[in-house]
Ligand SMILES: [Mg+2]
Ligand SMILES: [Zn+2]
């Protein structure tokens, strides 16, 4: 039998149904791979015992002819999703001891469809970061390395553990969350696919909040089709989340018709930013050519406020996070450090429990909301945000989907940008605008950089039109024929 | 936009974050850089633009007034660093 | 709806060393919404349960928990807004008010800041001298209640119970329109009455369903507003007046000693009747309000508001006006009757039952019925410290007594005795009258026999009468009443006696 870990999620699903192998076999192969891939540090908690039990249950279902959409398929769950009885840390010291008594809506849906949990994937602390270097549980290493260069490279962030696990083939797919690019940018850095659906598609209930108006869960997998399959299971109205949208969930897999004839694809010139490497620009042009060759109409569009998206994001997200993270106070759950009095307990717990980047964002957020600054920063940012959304709305009067690069560089070396927050923030320059407007965005592997690292292209769609995004992404994927694999250096 | 050490102290207290004195200068520098970065927004004319409060196109959903939750004292207290007799316990607060 | 009588109150001035001072008071009333479940979670709202037993993970702000609004609480806020003659804002926004406190689990309270659900309104306050004064309402907004911190259970620790956390509150903010503790008290009483009529808050101050924060400042008459202090923890009308009295004196003393007033939050201590600065609130607050990204703005339609308006009950001012005009009840009694919803309900049921039994129009029986309820019933209830709900005489039972009196079956004095018996035993009027033979004797034959008997037994008094001392007739009436155990019809008896004595 071929290595079960080389199968795509769709292939594994079909193989299980055809009884070519059992979920127990498939899961064991992935658990073994997970354990041998520990040098990547992609997981905060491994759950092999739970995985085995879930796989056995799946096999019973399959034997009874009751296979569900994701029956028996092992997945990595970003450790930002609360999982009942399984420690959930958000990669933070402050939540290190936290064991939820409840299950997030998105993971509940995955389990209800038969998926198997391999473990809780590493991430940037509270999903704040673009390199997975801010985790209290240590950085994740990208499975990709530059040929002839053994330095660790970052997997991107914040869903870096999820991306690494999928890219290194020890999870068929993974959940991610994306606030400003946290699914798309690590997908691009690790050579996999990932989609952030429209804000409101996936319930946020049970996901540790970072910035509530931006946070959105989505799937990460090695193919567009795998993402489509996972997204269908993860989506849907949830009465427990007031921002969850009450709309039917399409069969996304069926949307992958391969036909984009006459589809209007917009190229926002403003994304051609200063200092963008020529090879990324070339990749972008190549992507447009592929779509054109498949029958799409390529049109330039204007997104004039693009450069203001990042500064807007770095007001809105920290402001919301400063408030969302106030609940970590040592009273009801998580870390508590002793203090002489209540204030001492609060300040000690939070000072010790949060890492440097999280503290930085809490401080910025507190500052921009504080008396006398609210109008100048927060209110101003929300006005610019409205303009950014309007820009997109105008563009979508002319085109059906937008094509852009996912990130301005390939995976950089660990430590390269961690000293300079602004340089780090610039990683998200192409992903943040769609987040601010709540639009669906997907990254697809498009090729390798000159130094042998993956590059991704991004598609941005209209609100609730993930189908067009996925269909176009599948055409790109087909044209790109991205078959490169990371060298397996981690198995001793 | 430069942010001084005193302001760092003030907002750190507002956010209940203990920041070592030795850290304050470097933090002030980093935060000032971020503030300079976000000050770019001053260049955008937003006259007459309504601030965006939500990207959700749906009206606020409302639930019926029915008791559907609670009665889970054990779960509520399960993760508490300290609890007794059904209460969370914290260092004494003086009013 | 009652016309606003005056908005600018006549200031009751306070004497100080340096002359007169005017007191300016504004109130923030927190009224717990009467609902089954909490504002943003499905946990119950019952008072006095096991600690942390009525807590959803939303109320305890666990990671990933999200608020979903209770439609009934929205309706109750709109209903209250309509009841205080206020503007209903069809678009309102929920904001986060950020501060750290152990009974505030999320580190923020979901409240409404710049765009509350209810705007400006008016409450007509009844003052003890019978006058009515209008107090402006600044706004009413919906927000979450906090949990409870218990500081006195342990020497070194504070205990936290989140049962109250997340219960819906209406914060009703008045304008600084009050000028004395008495007015402030009357305002709270009236507001409470309105809430109870509307059924939107049970108004129970002891259990904390209705809580007042009082803003007090003083100024020299005609000056601009002085610096105010906010007094918290005032949980009865009596305490409110005490707190205002103490605080205004304190401020005057400070100012007259040349010390400016510091704007601060003070705590009322019911044991000493004083206020003191609150240490925990000493630092300047910076709440960092911003719209809650977990909740879209709340949009209502004019139609929705109209539908609620159509279901509003008759409110105390309107009821009082109707009692005065349609039932011809004197202002004093009308006011007493409407002050509590239960009293008014009782009275209305009573008067309707009397009208039904006697066939008399309401305007003819209103005042007499009011006298019975206000004087007799409230009198004895007050004496026994019972609320109207605990009255052993139901409105219908009282109506049967009133009907017996009105159709002449029993006399007025007998009615009083029967009333007392009913109150003591819970028996109904007819049974008591029957059992004790208290029916008024209006039978001329029977009365004549008694009159003859008494005249025959008292020749001396007959002599006196016939000799011109007509007042001696009261002696005969007394004797006959004694013999008839009060059942003799007094009018008839008088007539008979005069005839026989003169005869
Ligand atoms: Mg207040
Ligand atoms: Zn309040």
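Residue numbers (this note's numbering), protein chains in the order written: chain A, 21 to 512; chain B, 15 to 109; chain C, 27 to 529.
Beta carbons are placed, not taken as given, at the ideal position from N, Cα and C, and that holds for glycine.
Quantities reported herein were computed from a predicted structural model and do not represent experimental measurements.
According to DSSP, residue 96 of chain C sits in a beta bridge with which residue or residues?
Residue 96 of chain C pairs with B:77.
Alpha carbon to alpha carbon, what distance is there between residue 340 of chain C and residue 401 of chain C?
In a straight line, the C-alpha of residue 401 of chain C is about 24 Å away from that of residue 340 of chain C.
Who are the neighbours of residue 314 of chain C on chain A, taking C-beta pairs under 7 Å?
Ordered by position in chain A, the residues that pass the 7 Å Cβ test against residue 314 of chain C are 386, 389, 390.
For ligand 2, enumerate in chain order all residues having a CB closer than 7 Å to any of its heavy atoms.
Any heavy atom of ligand 2 counts here; residues with a Cβ closer than 7 Å to one of them, in chain order, are C:54, C:56, C:137, C:169, C:195, C:197.
CA-to-CA distance, residue 383 of chain A to residue 372 of chain C, given in whole angstroms:
If I take the Cα positions, the gap works out to 60 Å.
Taking DSSP as the reference, what is the three-state secondary structure of residue 54 of chain C?
Residue state, collapsed to three classes: strand.
Are the Cβ atoms of residue 333 of chain C and residue 226 of chain C separated by less than 8 Å?
No; because the gap between Cβ atoms is not below 8 Å, this pair is not in contact.
Pair within 8 Å by beta-carbon distance, residue 133 of chain C and residue 172 of chain A
For the pair residue 133 of chain C and residue 172 of chain A, the CB atoms are not nearer than the 8 Å cut-off.
So, helix, strand or coil for residue 27 of chain B, using DSSP?
Shown here, residue 27 of chain B sits in a helix according to DSSP, grouped into three states.
For chain B, find out if any of its Cβ atoms is closer than 8 Å to the Cβ of residue 331 of chain A; answer yes or no.
Interface residue, yes.
Kindly indicate which residue of B:77, B:24, B:87 has the alpha-carbon position closest to the one of residue 262 of chain A.
The shortest Cα separation from residue 262 of chain A among B:77, B:24, B:87 belongs to B:77.
Any idea if residue 470 of chain A is buried or exposed, counting beta-carbon neighbours within 10 angstroms, 16 or more meaning buried?
For residue 470 of chain A, the number of other beta carbons within 10 angstroms of its own is below 16, and it is reported as exposed.
Quick one: which chain B residues come within Cβ less than 7 Å of residue 183 of chain C?
Result: 103, 104, 105, 106.
Could you work out which residues of chain B lie near residue 80 of chain C, taking near to mean beta carbons separated by less than 7 Å?
One finds 84 in chain B with Cβ atoms closer than 7 Å to the Cβ of residue 80 of chain C, taken in chain order.
Residue closest to residue 238 of chain A, alpha-carbon to alpha-carbon, out of A:224, A:212, A:296, A:196:
Selected option, being the one with the closest Cα: A:196.
From the DSSP secondary-structure annotation, give me the bridge partner or partners of residue 213 of chain A.
Bridge pairing for residue 213 of chain A: A:241 [DSSP].
Hey, does residue 67 of chain B have any beta-carbon neighbour from chain C nearer than 8 Å?
Closer than 8 Å to some Cβ of chain C, the Cβ of residue 67 of chain B qualifies, so yes.
Check whether the stretch 55-67 of chain A and the stretch 78-88 of chain A touch, using three or more Cβ-Cβ pairs below 8 Å as the test.
Segments in contact, no.
For residue 233 of chain A, return the contacting residues in chain B, with the cut-off set at a CB-CB distance below 8 Å.
Listed along chain B are 68, 69, each with a C-beta nearer than 8 Å to that of residue 233 of chain A.
Using 8 Å as the threshold, is the stretch 284-299 of chain A in touch with the stretch 359-379 of chain A, meaning 3 or more CB pairs across them?
Short answer: they don't touch.
What's the gap between the Cα of residue 30 of chain B and the Cα of residue 379 of chain A?
Residue 30 of chain B and residue 379 of chain A have their C-alpha atoms some 10 Å from each other.
Output needed in chain order: residues of the stretch 444-478 of chain A with a Cβ under 9 Å from some Cβ in chain B.
Hits within the stretch, in order: 445, 456, 457, 458, 459.
Consult DSSP for residue 276 of chain C and reduce its assignment to one of helix, strand or coil.
In this structure, residue 276 of chain C counts as helix in the three-state DSSP scheme.
Since residue 477 of chain A and residue 164 of chain A should fall inside the 8 Å C-beta cutoff, what is the C-beta to C-beta distance between them, to a whole number of angstroms?
About 17 Å; that fails the 8 Å criterion.
Would residue 208 of chain A and residue 43 of chain A be called neighbours here (beta carbons separated by less than 8 Å)?
Not a contact, by the Cβ cut-off of 8 Å.
Ordered along the chain, which non-local residues of its own chain (more than five positions away) have a Cβ less than 8 Å from that of residue 31 of chain C?
For residue 31 of chain C, the pLDDT reaches just 46, beneath the cut-off of 50, and the residue's location in the model is therefore unreliable, although a value from the coordinates is still provided. Exclusion of the five residues before and after residue 31 of chain C leaves 150, 157, 158, 159, 160 as the residues of its chain whose Cβ lies within less than 8 Å of its Cβ.
Could you compute how far the alpha carbon of residue 341 of chain A sits from the alpha carbon of residue 77 of chain C?
Our two residues, residue 341 of chain A and residue 77 of chain C, have alpha carbons roughly 30 Å apart in a direct line.
Is there contact here, the stretch 301-316 of chain A with the stretch 18-30 of chain B, by at least three beta-carbon pairs under 8 Å?
At 8 Å Cβ cutoff, the stretches do not touch.
Taking Cβ-Cβ distances shorter than 8 Å, what residues in chain B pair up with residue 441 of chain A?
Correct list: 44, 47, 48.
Cα-Cα, which of C:236, C:138, C:432 is closest to residue 383 of chain C?
Per the Cα distances, C:432.
For residue 163 of chain C, list the residues DSSP reports as bridge partners.
Paired residue(s): C:147, C:200.
Would you list the one or two residues that DSSP bridges to residue 294 of chain C?
Answer is C:301, bridged to residue 294 of chain C.
Can you name, in chain order, every residue of its own chain whose Cβ lies under 6 Å from the Cβ of residue 21 of chain A, other than the five neighbours on each side?
With a pLDDT of 46 at residue 21 of chain A, under the threshold of 50, the predicted position of this residue should be treated as unreliable, though the coordinate-derived value follows. In the same chain as residue 21 of chain A, and ignoring 5 residues on each side of it, no C-beta atom comes closer than 6 Å to its own.
Thinking C-alpha only, which one of A:244, A:145, A:192, A:114 is nearest residue 96 of chain A?
Answer by Cα proximity: A:192.
So, is the C-beta of residue 33 of chain B closer than 8 Å to a C-beta in chain A?
Cβ-Cβ to chain A under 8 Å: yes for residue 33 of chain B.
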